[in-house]
Amino acid sequence: MESKRQQKFSRLIQKELAEVFQRETTHLFGGAYISVSTVRVSPDLGLARVYLSVMLAPNKEELLQELRVNTKTIRHHLAQRIKSQVRVIPELVFYLDDSAEYAAHIDKLFTGIEIPPTDKDYDTDDYIEDIDNDK
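For the sequence shown, my numbering begins at 1127 and goes up steadily by one.
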């Protein structure tokens, strides 16, 4: 469980990194839209795990490698934005956030399920009366 301090720091990094990706480093990633979905910070605030959602990118894994190559530049832009608010600029580790794709996959699985009708000899109202009588 994250402390209040970690949560506040995570929100700050998430907000500022989103600005960095939208305004300052767009030329590095070939027009791909990168959004910061979650940031998890270590208890000492020295490491930030950044989960990214990526759109308009032909290959997400290549984009992730490009992000990792440019981590120093991204961290520098982040430092310029938050240096007056924090003591330590955390190391950044980037991960792809695939929760939306996972949710779509699970939704597709649920829509594919066929539930056969049940053969009940009694009406629903009778069933409710039976439950009430058991009490």
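Ideal Cβ placement from N, Cα and C applies to all residues, glycine included.
Because the structure is a prediction, the values reported are computed rather than measured.
Around the Cβ of residue i, are there at least 16 other Cβ atoms within 10 angstroms (buried) or fewer (exposed)?
{"i": "Ser-1129", "result": "exposed"}
{"i": "Ala-1158", "result": "buried"}
{"i": "Phe-1220", "result": "buried"}
{"i": "Val-1195", "result": "exposed"}
Using CA coordinates, which residue listed in the options is at the minimum distance from residue i?
{"i": "Phe-1147", "options": "His-1202, Leu-1171, Gln-1133, Glu-1188", "result": "His-1202"}
{"i": "Met-1113", "options": "Pro-1242, Ser-1168, Leu-1190, Glu-1150", "result": "Nothing about residue 1113 can be reported from this structure: the residues present for the chain run from 1127 to 1261 only."}
{"i": "Gln-1191", "options": "Ser-1161, Leu-1154, Val-1162", "result": "Leu-1154"}
{"i": "Ala-1205", "options": "Arg-1194, Leu-1143, Lys-1234", "result": "Leu-1143"}
{"i": "Arg-1207", "options": "Lys-1141, Arg-1131, Gln-1133", "result": "Lys-1141"}
{"i": "Gln-1132", "options": "Leu-1193, Asn-1196, Met-1181, Val-1212", "result": "Val-1212"}
{"i": "Arg-1137", "options": "Glu-1150, Gly-1156, Leu-1218, Thr-1164", "result": "Thr-1164"}
If you drop the 5 nearest sequence neighbours on each side, which residues of the same chain put their C-beta closer than 6 Å to that of residue i?
{"i": "Phe-1135", "result": "Val-1167, Leu-1171"}
{"i": "Ile-1160", "result": "Phe-1147, Leu-1178, Val-1180"}
{"i": "Ile-1139", "result": "Val-1165, Ala-1174"}
Looking at the secondary structure, which residues open and close the alpha helix (DSSP H) in which residue i lies?
{"i": "Ser-1225", "result": "1225-1237"}
{"i": "Val-1195", "result": "1186-1195"}
{"i": "Ala-1144", "result": "1130-1145"}
Who are the Cβ neighbours of residue i in its own chain at under 7 Å, not counting the five residues just before and after it?
{"i": "Ala-1183", "result": "Ala-1158, Leu-1189"}
{"i": "Asp-1223", "result": "Ser-1163, Thr-1164, Tyr-1177, Leu-1178, Ser-1179"}
Assuming residue i contacts residue j (C-beta within less than 8 Å), just tell me the rounded distance between them.
{"i": "Ile-1200", "j": "Thr-1151", "result": "6 Å"}
{"i": "Leu-1218", "j": "Thr-1197", "result": "5 Å"}
Excluding the 5 residues flanking residue i on each side, which residues of the same chain have their C-beta closer than 8 Å to its C-beta?
{"i": "Lys-1209", "result": "Ile-1215"}
I'd like to confirm something about residue i: is its beta-carbon nearer than 7 Å to some heavy atom of the ligand FAD, or not?
{"i": "Gln-1206", "result": "As for the ligand FAD, it is missing from this structure, which has no ligand bound."}
Assuming residue i is part of the beta strand (DSSP E), what are its boundary residues?
{"i": "Ile-1241", "result": "Ile-1241 -> no beta strand (DSSP E), and no H or E assigned at all."}
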